[in-house]
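Participant: Before I ask anything, let me first share the structure, which is written out below as structure tokens.
Number of protein chains: 4
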Amino acid sequence: MIIIMRPDATERQVNSIVDKLKAHGFGVHLSKGVERTVIGAIGDKSSIELESLQMMPGVSEIVPIRKPYKLVSREFKKEDTIVSLSAEVKVGAGQKILIIAGPCSVEGEKQIIEIAELVKAAGANALRGGAFKPRTSPYAFQGLGETGLKYLAAASKKTDLPIVTEVMDTRDVALVAKYADMLQVGARNMQNFNLLKEVGKTKKPILLKRGPGSTIKDLLMSAEYILSEGNNQVVLCERGIKTFEDSTRNTLDLNAVPVIKKWSHLPVVVDPSHGTGEWDLVPAMAKAAIAAGADGLAIEVHQKPEAALSDGAQSLKPDTFAQLIKELRLVAKAVGREL
Amino acid sequence: MIIIMRPDATERQVNSIVDKLKAHGFGVHLSKGVERTVIGAIGDKSSIELESLQMMPGVSEIVPIRKPYKLVSREFKKEDTIVSLSAEVKVGAGQKILIIAGPCSVEGEKQIIEIAELVKAAGANALRGGAFKPRTSPYAFQGLGETGLKYLAAASKKTDLPIVTEVMDTRDVALVAKYADMLQVGARNMQNFNLLKEVGKTKKPILLKRGPGSTIKDLLMSAEYILSEGNNQVVLCERGIKTFEDSTRNTLDLNAVPVIKKWSHLPVVVDPSHGTGEWDLVPAMAKAAIAAGADGLAIEVHQKPEAALSDGAQSLKPDTFAQLIKELRLVAKAVGREL
Amino acid sequence: MIIIMRPDATERQVNSIVDKLKAHGFGVHLSKGVERTVIGAIGDKSSIELESLQMMPGVSEIVPIRKPYKLVSREFKKEDTIVSLSAEVKVGAGQKILIIAGPCSVEGEKQIIEIAELVKAAGANALRGGAFKPRTSPYAFQGLGETGLKYLAAASKKTDLPIVTEVMDTRDVALVAKYADMLQVGARNMQNFNLLKEVGKTKKPILLKRGPGSTIKDLLMSAEYILSEGNNQVVLCERGIKTFEDSTRNTLDLNAVPVIKKWSHLPVVVDPSHGTGEWDLVPAMAKAAIAAGADGLAIEVHQKPEAALSDGAQSLKPDTFAQLIKELRLVAKAVGREL
Amino acid sequence: MIIIMRPDATERQVNSIVDKLKAHGFGVHLSKGVERTVIGAIGDKSSIELESLQMMPGVSEIVPIRKPYKLVSREFKKEDTIVSLSAEVKVGAGQKILIIAGPCSVEGEKQIIEIAELVKAAGANALRGGAFKPRTSPYAFQGLGETGLKYLAAASKKTDLPIVTEVMDTRDVALVAKYADMLQVGARNMQNFNLLKEVGKTKKPILLKRGPGSTIKDLLMSAEYILSEGNNQVVLCERGIKTFEDSTRNTLDLNAVPVIKKWSHLPVVVDPSHGTGEWDLVPAMAKAAIAAGADGLAIEVHQKPEAALSDGAQSLKPDTFAQLIKELRLVAKAVGREL
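Chains as they are written, first to last, in this note's numbering: chain A, 2 to 340; chain B, 2 to 340; chain C, 2 to 340; chain D, 2 to 340.
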């Protein structure tokens with residue numbers, strides 16, 4: 002940590018910072034510049050509690066030097082992490098591109114089995130579908146709950162596709178974990194820290210979606226919660242952030258793909274369906290995501306999007322999805338990946 | 002709901018929309034313009050599920066006419082809602098300005114009792130303090146839990162100040178409700194819908210903080226969750242949003258005060274401490290909030306901010322707080338309020 | 002245009018809107034719903050001046066139906082526009098991918114000739130370089146002015162690469178047009194409407210960069226200024242927007258590529274150098290841009306980025322650039338394009 | 002400037018940074034921490050050109066210590082600057098609150114004289130009105146040009162109110178300066194650096210509006226351009242930024258008021274009309290601005306907003322404006338100011 006003093010800071014003010022740092026066990030390095038004094042705090046202790054130094058008289062700015070996350074960082078672990086959804090389906094560097102496809106919500110057993118078969122035939126290697134649905138409106142369809150989980154299990158049995166489904170409540174983690182192969186923590190719960198701890202205690206792989214108001218650093222800090230509970234099977238998912246641009250529902254931030262790859266060893270997937278909110282933008286952004294280096298995609302597919310109980314506007318029809326997969330294979334190959 | 006067709010939409014496409022609307026029980030009103038046909042759907046049914054009409058061929062745009070929230074709206078209830086924290090302390094139009102003050106975290110019994118006495122003497126009428134703390138880092142102080150709640154209760158007993166404290170987990174709602182006079186749902190849990198439902202089932206007043214990536218409409222929809230469970234004792238709290246401006250931790254959006262007053266009957270308070278992230282900006286923004294029409298303020302106060310276990314940089318010292326209250330009284334009076 | 006009345010609007014208020022619309026030559030279509038009356042204004046007149054209807058008593062909301070731009074829209078012109086930088090170098094659908102490469106600033110004659118030869122050898126088909134530089138600080142290097150333009154011309158003569166360079170001042174348009182093959186209007190001047198009109202009066206192709214605080218609609222409206230002066234040789238450039246995300250200098254909004262393709266017939270290029278601000282993110286985002294459907298790229302290349310007079314941190318070295326071009330060829334081919 | 006090295010930086014990499022700094026005339030201070038080496042560059046030279054150090058191998062991060070602006074900073078000049086619009090009308094700390102009022106556009110001589118008399122009677126001390134109008138659409142009313150300036154002059158002669166009006170083009174600076182008492186640089190031209198230099202060369206006071214995609218630092222850097230040309234009569238104007246919040250046209254960032262007061266000696270005024278885009282939010286935000294410490298307000302007033310040629314939806318009627326001034330007097334007094 003570096004403490005930059007104000008140009009008018011007195012010697013006494015500098016000394017009182019130095020004393021405080023020493024009291025916390027830090028080594029201190031003083032650097033008197035032409036205009037200002039700069040104080041370096043040396044040590045490997047966490048300096049999180051020291052942000053309140055900002056309050057001390059004479060201080061202009063505090064510059065943290067160590068990243069606030071540890072277990073998720075490339076500095077901590079150099080090799081890419083590979084996450085296993087099942088014995089056959091893995092995601093991460095060097096693996097096949099993961100394609101998680103399916104409807105926004107599980108609406109019925111027949112529906113989910115049919116769509117599972119369709120997306121599998123097209124080339125998907127995991128099935129998504131919401132049984133517990135976080136909806137902006139209390140009056141919107143909230144999902145089928147455990148019944149939905151059972152339908153998902155039936156679809157998985159039929160197709161051998163591992164299941165990715167959301168858990169919204171600490172009280173439901175055990176229940177959802179009974180049926181799901183991968184637990185999804187949704188964008189709106191990205192900083193529901195108790196939920197993060199709870200899924201961290203399971204042995205299940207976790208799909209952690211970036212909150213629409215969260216920075217990449219926030220996302221990594223949330224992943225750190227899961228890893229710090231002993232579960233390192235975490236996949237990060239970019240799904241769009243809130244910006245002033247209103248021609249798309251969210252602004253899909255593909256910069257996040259190379260940035261996360263630089264800072265962390267965890268796999269990254271991209272959700273172009275939520276990221277754009279419009280089905281006809283999904284193919285372009287899905288291809289862009291793979292070209293940017295993503296390890297996988299989460300794509301909404303629905304037999305009859307215009308009759309979907311949720312998010313119809315962003316869902317692909319099965320044949321559009323099948324066509325997209327063909328195009329994605331070419332892009333994946335162009336960047337040295339396989340799908 | 003209005004459906005705007007594309008200029009090249011065929012008659013058949015128009016008819017298929019009309020049929021679908023009729024099948025859902027809507028009356029239909031066709032308006033053929035020079036360039037486009039516009040279809041009005043008439044009826045008092047919720048049209049939320051119809052957003053997937055967007056997918057139907059020929060459709061250019063869907064314009065919802067009814068607001069997606071109901072119970073929280075001024076159209077539903079014209080008179081301002083008054084929320085009671087205790088027999089004496091109420092918040093809302095025509096009431097005294099509510100001043101919720103106290104430390105970010107409860108750190109000890111002595112600390113919280115002392116600060117409660119200080120803020121009460123200065124003019125606060127409610128005590129805040131976190132026992133369960135949502136922290137970005139898993140390695141940061143996470144709060145004292147139930148012990149913290151007990152210390153808060155002791156401080157309340159000593160000072161008669163009602164207690165406002167956060168609940169983060171559906172499993173803790175009953176516990177926190179046992180000690181708190183008002184339950185706070187924090188910014189990061191604003192769209193934790195299960196938590197909203199759970200606090201909606203209590204009879205406690207709720208302080209609902211706006212998420213940093215949430216629009217005012219999102220905030221009202223989250224409040225709707227609470228009201229739809231039968232609890233209309235909800236106070237909305239503006240505490241800053243995420244923007245590109247990096248000179249403050251958040252951008253406190255005071256526009257939200259008159260906008261919420263126009264759209265909803267619920268009281269609004271402003272948190273300039275989180276809204277700016279810097280203690281020396283708090284007084285200016287606190288005064289601005291009252292001038293804008295806020296019904297109250299939530300302000301962090303700490304005896305020794307530079308030693309606080311969390312958020313020290315945004316906390317006022319007790320004497321700065323006492324001075325601010327004096328200045329706020331003048332501003333409140335200037336806009337016809339009392340404090 | 003559709004005018005949605007408030008639920009409590011009186012018949013007299015509705016009538017006064019209707020009268021006003023008729024007075025402006027619009028046909029009127031009344032639709033009385035269960036809760037509200039909706040008024041459709043029918044006609045092909047521009048309705049821009051009518052936004053002030055918002056002020057009239059009883060009005061809840063105004064919904065424009067026609068897009069505010071015309072000449073740039075797909076509805077006005079279905080076929081993709083092809084823009085010619087020279088007899089050989091063209092950009093747009095079906096053309097080779099345009100690669101505009103070169104340093105941020107022209108620093109000397111030898112430097113610009115050398116870099117021109119290097120980028121040409123690597124596969125670039127146009128040369129960029131700033132002679133007039135918009136710098137945030139008045140104390141930073143402001144460019145070599147006309148001398149820089151002459152150096153660019155020398156580099157172009159040597160390599161046959163057409164020149165793309167910025168013009169910042171209405172007074173300099175004629176001068177820059179004398180040397181440049183394509184005039185760049187920079188992001189910070191995207192809404193310098195007088196400059197837009199002035200470059201619209203030239204016959205030169207224009208590279209119009211999106212402002213960091215501008216929506217895609219704003220960008221199209223600015224292009225409309227140029228086309229409305231009779232110059233339809235306009236290429237749009239996505240180069241990142243301002244968001245709360247601080248791990249990159251800007252958030253490159255690749256959604257803009259398919260959105261612009263849907264709404265407009267103009268070619269789109271992407272600038273991943275400014276869009277990310279960091280050279281090591283450029284390759285990933287360049288590939289993503291091509292996969293998303295961009296017609297070209299603008300990339301900063303500098304012999305010694307660490308000694309550049311501006312924007313060194315986002316410039317590629319020539320060999321990194323050459324390697325990137327090889328990878329881009331594969332991605333271009335995967336999406337049916339050539340480079 | 003502080004250079005933070007990567008944990009894996011070699012001694013050679015550190016040395017090459019040190020050599021480069023010395024070659025640029027900086028003193029160097031090395032600090033070897035447990036994990037990383039930190040290099041301090043000591044000297045009073047501008048370090049702007051050194052941002053390209055970022056490119057050098059082994060460098061993790063560059064932290065500038067000196068602010069990039071100088072003349073506008075409080076550190077350079079402690080006392081508040083007072084700007085004079087006329088012999089009687091001044092703006093800045095300790096002065097009366099400046100109220101700049103008038104229509105968005107000058108529409109006719111009778112109109113502008115009438116409104117000037119109305120706003121003066123209500124309590125305004127300066128007249129605004131656009132003769133050159135920056136409009137998003139090329140088809141919207143572009144202003145009356147010099148004729149408009151003449152009408153403004155006539156209104157000023159009649160009422161003695163100084164005139165504030167926008168200049169959009171470097172070529173028009175002399176013309177507008179002939180008629181105006183204060184030149185406005187609009188939000189969209191905030192980073193039109195040539196225009197900034199040109200108005201900097203006049204002796205006129207300048208009203209510099211913050212761009213909707215610009216940080217407070219960007220605004221101060223743009224002001225620095227004007228001061229660096231020898232003109233220190235600059236007033237900064239907050240008028241709202243672009244954010245994801247869509248219930249208001251812009252998000253008026255009142256935090257900017259205390260932040261600018263802390264960093265700079267220049268006066269600050271707030272424009273709640275553009276800042277919100279809706280007339281019925283203007284009174285609340287005008288009061289909030291004064292309470293936050295603004296030195297003045299710019300408010301749009303129009304006799305018949307519903308017939309205005311531009312921005313009608315955000316204009317107050319004269320009687321609403323007169324009522325607002327009465328309320329503002331009370332708020333100003335509450336914060337120790339006069340109006």
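By construction, the Cβ of each residue, glycine as well, lies at the ideal position given by its N, Cα and C atoms.
SER106 (chain D) and GLY144 (chain D): beta carbons closer than 7 angstroms?
Facilitator: As a working note, residue 106 (chain D) is residue 105 in the fourth sequence. As a working note, residue 144 (chain D) is residue 143 in the fourth sequence. Their beta carbons are under 7 angstroms apart, which means SER106 (chain D) touches GLY144 (chain D) by this criterion.
Participant: Run the CB neighbour count on GLY1 (chain A), radius 10 Å, all protein chains shown included, and call it buried at 16 or more, exposed below.
Facilitator: Outside the displayed range of chain A (2 to 340) lies residue 1 (chain A), so it cannot be described from this structure.
Participant: Write down the C-beta distance between THR171 (chain B) and LEU150 (chain B) rounded to the nearest angstrom, noting that I regard them as a contact closer than 8 angstroms.
Facilitator: If you number the second sequence from 1, residue 171 (chain B) lands on position 170. If you number the second sequence from 1, residue 150 (chain B) lands on position 149. With a Cβ gap of about 17 angstroms, THR171 (chain B) and LEU150 (chain B) do not count as contacting.
Participant: For ASN195 (chain B), go through chain A and note every residue whose CB falls closer than 7 angstroms to its CB, in chain order.
Facilitator: As a first step, residue 195 (chain B) is located in the second sequence; it is residue number 194 there, counting from the start. Ordered by position in chain A, the residues that pass the 7 angstroms Cβ test against ASN195 (chain B) are MET169, ASP170.
Participant: Does SER74 (chain C) come out as helix, strand or coil in the three-state DSSP assignment?
Facilitator: Sequence index remark: in the third sequence, residue 74 (chain C) carries index 73 (1-based). Looking at SER74 (chain C) - three-state DSSP - the assignment turns out to be strand.
Participant: Using the beta-carbon count (16 or more within 10 Å), is GLY26 (chain C) buried or exposed?
Facilitator: In the third sequence, counting from the first residue as 1, residue 26 (chain C) sits at position 25. Exposed, because fewer than 16 other Cβ atoms sit within 10 Å of the Cβ of GLY26 (chain C).
Participant: Exposed or buried, GLU13 (chain D), counting other C-beta atoms within 10 Å across all chains shown (16 or more means buried)?
Facilitator: Counting from one through the fourth sequence, the residue named residue 13 (chain D) turns up at place 12. The sequence given here places Arg at residue 13 (chain D); Glu does not occur at that position. By the 10 Å Cβ count, ARG13 (chain D) comes out exposed.
Participant: Excluding the 5 residues preceding and the 5 following VAL260 (chain D) in the sequence, name in chain order all residues of the same chain whose CB lies nearer than 7 angstroms to its CB.
Facilitator: Position 259 of the fourth sequence, counting from 1, holds the residue named residue 260 (chain D). The residues are ILE217.
Participant: Give me the residue from C:ALA154, C:GLU76, C:ALA122 with the minimum Cα distance to ALA132 (chain C).
Facilitator: Within the third sequence, numbered from 1, the residue matching residue 132 (chain C) stands at position 131. The shortest Cα separation from ALA132 (chain C) among C:ALA154, C:GLU76, C:ALA122 belongs to C:ALA154.
Participant: GLY212 (chain D) touches chain A at which residues, Cβ-Cβ below 7 angstroms?
Facilitator: The residue given as residue 212 (chain D) occupies position 211 in the fourth sequence. By Cβ distance, chain A contributes nothing, its closest Cβ being about 13 angstroms from GLY212 (chain D), past 7 angstroms.
Participant: Find out if the Cβ-Cβ distance for the pair SER61 (chain C), ARG129 (chain C) is shorter than 7 angstroms.
Facilitator: Stepping through the third sequence from its first residue, residue 61 (chain C) is reached at position 60. Stepping through the third sequence from its first residue, residue 129 (chain C) is reached at position 128. Cβ distance not < 7 angstroms, so SER61 (chain C) and ARG129 (chain C) don't count as in contact.
Participant: Inspect the beta-carbon positions of PRO135 (chain B) and MET169 (chain B) and report whether they are closer than 7 angstroms.
Facilitator: Taking the first residue of the second sequence as 1, we reach residue 135 (chain B) at position 134. Taking the first residue of the second sequence as 1, we reach residue 169 (chain B) at position 168. Yes; because the gap between Cβ atoms is below 7 angstroms, this pair is in contact.
Participant: GLU89 (chain A): buried (16+ other C-beta within 10 angstroms of its C-beta) or exposed?
Facilitator: By one-based count along the first sequence, residue 89 (chain A) stands at place 88. The residue in question, GLU89 (chain A), is exposed, as its Cβ has fewer than 16 Cβ neighbours within 10 Å.
Participant: Figure out for me which residue from D:VAL270, D:THR11, D:GLU328, D:SER223 has the closest Cα to the Cα of ASN232 (chain D).
Facilitator: To locate residue 232 (chain D), count along the fourth sequence from 1; it is residue 231. Residue D:SER223 is the option with its Cα nearest to ASN232 (chain D).
Participant: Any beta carbon from chain D within less than 7 angstroms of GLY34 (chain A)'s own beta carbon?
Facilitator: Within the first sequence, residue 34 (chain A) is the residue found at index 33, counting from 1. Yes, contact with chain D.
Participant: Just the chain D side, please: which residues come within less than 7 angstroms of HIS30 (chain A) by C-beta, in chain order?
Facilitator: Taking the first sequence and counting its residues from 1, the one referred to as residue 30 (chain A) is at position 29. Simply SER32.
Participant: Can the beta-carbon of ILE98 (chain D) be found closer than 7 angstroms to that of LEU267 (chain D)?
Facilitator: On the fourth sequence, residue 98 (chain D) is found 97 positions in, with the first residue counted as 1. On the fourth sequence, residue 267 (chain D) is found 266 positions in, with the first residue counted as 1. Cβ atoms of ILE98 (chain D) and LEU267 (chain D): not closer than 7 angstroms.
Participant: Below 8 angstroms on the Cβ atoms is my guess for LYS23 (chain D) versus VAL15 (chain D); work out the distance and round it to an integer in Å.
Facilitator: Here residue 23 (chain D) corresponds to residue number 22 of the fourth sequence, with the count starting at 1. Here residue 15 (chain D) corresponds to residue number 14 of the fourth sequence, with the count starting at 1. No, LYS23 (chain D) and VAL15 (chain D) are not in contact; Cβ-Cβ is about 13 angstroms, not under 8 angstroms.
Participant: Given this structure, state the Cα-to-Cα distance separating PRO306 (chain D) from LYS327 (chain D), to the nearest angstrom.
Facilitator: To locate residue 306 (chain D), count along the fourth sequence from 1; it is residue 305. To locate residue 327 (chain D), count along the fourth sequence from 1; it is residue 326. Cα-Cα distance, rounded: 21 angstroms.
Participant: Applying the criterion that 16 or more other CB atoms from any shown protein chain within 10 Å of the CB defines a buried residue, is VAL270 (chain A) buried or exposed?
Facilitator: Here residue 270 (chain A) is taken as the residue at index 269 of the first sequence, counted from 1. Classification for VAL270 (chain A): buried.
Participant: What residues from chain B crowd round THR321 (chain A), counting only those whose CB sits closer than 7 angstroms?
Facilitator: The residue labelled residue 321 (chain A) in the question sits at position 320 within the first sequence. Neighbours of THR321 (chain A) on chain B: none; closest Cβ ~11 angstroms, over 7 angstroms.
Participant: Grouping DSSP H, G and I as helix and E and B as strand, with all else coil, what is LYS98 (chain A)?
Facilitator: The sequence position of residue 98 (chain A) within the first sequence is 97, counting from 1. The sequence shown places Ile at residue 98 (chain A), rather than the Lys named in the question. If DSSP states are grouped into helix, strand and coil, ILE98 (chain A) belongs with coil.
Participant: Less than 7 angstroms between CB atoms is the rule here; does THR137 (chain A) satisfy it with respect to chain D?
Facilitator: Here residue 137 (chain A) is taken as the residue at index 136 of the first sequence, counted from 1. Answer no: the Cβ-Cβ gap between THR137 (chain A) and chain D never drops below 7 angstroms.
Participant: For the beta strand (DSSP E) containing MET6 (chain B), name the first residue and the last one.
Facilitator: Translated into positions along the second sequence, residue 6 (chain B) becomes position 5. That run of the beta strand (DSSP E) goes 3-6.
Participant: Taking PHE245 (chain C) as the query, report the chain B residues whose CB atoms sit under 7 angstroms from its CB, ordered along the chain.
Facilitator: On the third sequence, position 244 is the one that residue 245 (chain C) refers to. Correct list: LYS243, THR244, PHE245.
Participant: Provide the residue(s) that pair with GLU36 (chain C) in DSSP beta bridges, ordered along the chain.
Facilitator: Mapped onto the third sequence, residue 36 (chain C) falls at position 35. GLU36 (chain C) pairs with nothing; no bridge assigned.
Participant: Whose CA, out of C:SER87, C:SER53, C:GLY93, lies closest to the CA of GLU80 (chain C)?
Facilitator: As a working note, residue 80 (chain C) is residue 79 in the third sequence. When each option's Cα is compared against that of GLU80 (chain C), the closest is C:GLY93.
Participant: Please list, in chain order, the residues of the stretch 52-73 of chain B that have any C-beta partner in chain C closer than 9 angstroms.
Facilitator: Flagged, chain order: SER61, GLU62, VAL64, ILE66, ARG67.
Participant: Which of the three DSSP states is assigned to ILE43 (chain C) in this structure?
Facilitator: In the third sequence, the residue the question calls residue 43 (chain C) occupies position 42. Strand, per DSSP.
Participant: Near LEU221 (chain B), which residues of its chain fall below 7 angstroms by C-beta distance, leaving aside the five closest residues on each side in sequence?
Facilitator: Taking the first residue of the second sequence as 1, we reach residue 221 (chain B) at position 220. So the qualifying residues of the chain are TYR70, VAL73, TRP264, SER265.
Participant: Quick one: which residues of the stretch 7-32 of chain C get their C-beta closer than 7 angstroms to a C-beta of chain D? List them in chain order.
Facilitator: Cβ contacts with chain D come from no residue of the stretch 7-32 of chain C.
Participant: Quick check on the burial criterion: 16 or more other C-beta atoms within 10 angstroms. Buried or exposed for VAL35 (chain D)?
Facilitator: Counting from 1 along the fourth sequence, the entry for residue 35 (chain D) is found at position 34. Classification for VAL35 (chain D): exposed.
Participant: My understanding is that PRO104 (chain A) touches SER316 (chain A), with C-beta atoms under 8 angstroms, so please give their C-beta distance in whole angstroms.
Facilitator: For the purposes of this step, residue 104 (chain A) is taken as residue 103 along the first sequence, with counting starting at 1. For the purposes of this step, residue 316 (chain A) is taken as residue 315 along the first sequence, with counting starting at 1. That pair is a contact at about 7 angstroms.
Participant: Taking the alpha-carbon positions, what's the GLY294 (chain D) to SER32 (chain B) distance?
Facilitator: As a position in the fourth sequence, residue 294 (chain D) is number 293, starting the count at 1. As a position in the second sequence, residue 32 (chain B) is number 31, starting the count at 1. Rounded to whole angstroms, GLY294 (chain D) to SER32 (chain B) spans 52 angstroms at the Cα level.
Participant: Can you list, in chain order, the residues of its chain with a C-beta nearer than 6 angstroms to that of ILE300 (chain C)? Leave out the 5 residues immediately preceding and following it.
Facilitator: Looking up residue 300 (chain C) in the third sequence gives position 299. Correct list, in chain order: ALA102, SER274.
Participant: Which value, in whole angstroms, describes the spacing of the CA atoms of TRP280 (chain B) and ALA287 (chain B)?
Facilitator: In the second sequence, residue 280 (chain B) corresponds to position 279, counting from 1. In the second sequence, residue 287 (chain B) corresponds to position 286, counting from 1. The straight-line gap from Cα to Cα measures roughly 11 angstroms.
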